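Colleague: End of the sequence shown = 205 in our numbering, gap-free, step of one.
Quick reminder that beta carbons are idealized off the backbone N, C-alpha and C, glycines included.
Computed from a predicted model, the values in this text were never measured in an experiment.
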Amino acid sequence: MRARSLSFDGGALWRLLRVGPAFACLALGLVLCGQAAWIHIKAATAQVLLDHAFVRSIREGQPVKPWPWLDTWPVARISVPRLGQDAIVLAGDSGQALAFGPGHVPGTPPAGEAGTAVYAAHRDTHFAFLGDVRVGDEIAVLRADGGRFRFVVDGARVVRWDASGIDAGAAGRWLVLATCWPLDGKIDGPLRYVVSARAIED
Numbered sequence: 004m005r006a007r008s009l010s011f012d013g014g015a016l017w018r019l020l021r022v023g024p025a026f027a028c029l030a031l032g033l034v035l036c037g038q039a040a041w042i043h044i045k046a047a048t049a050q051v052l053l054d055h056a057f058v059r060s061i062r063e064g065q066p067v068k069p070w071p072w073l074d075t076w077p078v079a080r081i082s083v084p085r086l087g088q089d090a091i092v093l094a095g096d097s098g099q100a101l102a103f104g105p106g107h108v109p110g111t112p113p114a115g116e117a118g119t120a121v122y123a124a125h126r127d128t129h130f131a132f133l134g135d136v137r138v139g140d141e142i143a144v145l146r147a148d149g150g151r152f153r154f155v156v157d158g159a160r161v162v163r164w165d166a167s168g169i170d171a172g173a174a175g176r177w178l179v180l181a182t183c184w185p186l187d188g189k190i191d192g193p194l195r196y197v198v199s200a201r202a203i204e205d
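Encoded structure:
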């Protein structure tokens, strides 16, 4: 029996070597696009769950977590009507809380109570609109206990995080929205952009 000789087709190998990396790049691109889409889907789903938990918190009169393993819960909804912006505010300012919305900074009173309530959020997500807020803009707050309050913006400033001058026990009823500065920055720094608003007395 005669052994069959194997022929080597150099052209086929060359085509494979040329096309293989293109297919690999395409596959990698699809994976990365899928991951990016998944992040947006998770973020959108989280906002729906937060909204439902906030509505339930008002209805049931007690904090409701949007999902069991989250270490925070909705405490308020803030809105800036002129800009058409609103967000669910979460208890605390942990990394997990700030990943999903503005956080109510511990040690500051609830919005609408005596003193200065402070809400903090990331500049590139939930407080991306802060640079468009102007003096005279109204900020509405609906708390999870059903309390409704309105504030009017009276100023904004850039401060160091450790020298903000924010007084949680200040006379009157104040609301501060804080985020990192500069607003278009890509790395964290010591500066914060602080918008202050005083309560509108009805």
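Please state the DSSP three-state secondary structure of S82.
Modeller: Here S82 sits in strand by DSSP.
Colleague: How far does the alpha helix (DSSP H) with L101 in it reach, from first residue to last?
Modeller: L101 -> alpha helix (DSSP H) spans G98 to F103.
Colleague: Return the CA-CA distance between A117 and A100, expressed in angstroms with no decimal places.
Modeller: Roughly 24 Å separates the two Cα atoms.
Colleague: Can you name the residues that DSSP bridges to S199?
Modeller: In the DSSP output, where bridge partners are listed per residue, S199 has G158 and V179.
Colleague: Suppose you measure from the CA of D259 to the CA of R153; what does that come to, to the nearest Å?
Modeller: Nothing about residue 259 can be reported from this structure: the residues present for the chain run from 4 to 205 only.
Colleague: DSSP has E141 in a bridge; who is on the other side?
Modeller: BP columns for E141 point to V155.
Colleague: Considering only the beta carbon of each residue, do V67 and A79 sit closer than 7 Å?
Modeller: No, the pair does not count as a contact, with Cβ atoms beyond the cut-off.
Colleague: Taking the alpha-carbon of S82 as reference, which of P71, A94 and Y122 has the nearest alpha-carbon?
Modeller: Nearest C-alpha to S82: Y122.
Colleague: Taking contact to mean 3 or more Cβ pairs, one atom from each stretch, closer than 8 Å, check whether the segment 128–147 and the segment 162–177 are in contact.
Modeller: No, the segment 128–147 is not in contact with the segment 162–177.
Colleague: Measuring CA to CA, which of R59, A143 and Y196 is closest to L86?
Modeller: That would be A143, whose Cα lies nearest to the Cα of L86.
Colleague: For Q65, report the span of its beta strand (DSSP E) as first-last.
Modeller: Counting along the chain, Q65 falls outside any beta strand (DSSP E), and DSSP gives it neither H nor E.
Colleague: I'd like to confirm the pairing. Which residues does DSSP put opposite G106 in its beta bridges?
Modeller: DSSP output for G106 lists L93 and A123 as bridge partner(s).
Colleague: Closer than 8 Å by C-beta to W70: which residues in its own chain qualify, once you throw out the five before and the five after it? Chain order, please.
Modeller: These residues qualify, in order along the chain: L52.
Colleague: Check the C-beta distance from E141 over to P77 and give it rounded, since I have them as a contact under 8 Å.
Modeller: 21 Å between Cβ atoms; not a contact.
Colleague: Quick one: what's L163 bridged to in DSSP?
Modeller: Residue identity differs from the one stated: residue 163 is Arg in this sequence, not Leu. Beta-bridge pairing links R163 to L194.
Colleague: Assign V138 to buried or exposed, taking buried as 16 or more other Cβ atoms, counted over all protein chains shown, within 10 Å of its Cβ.
Modeller: Result: exposed.
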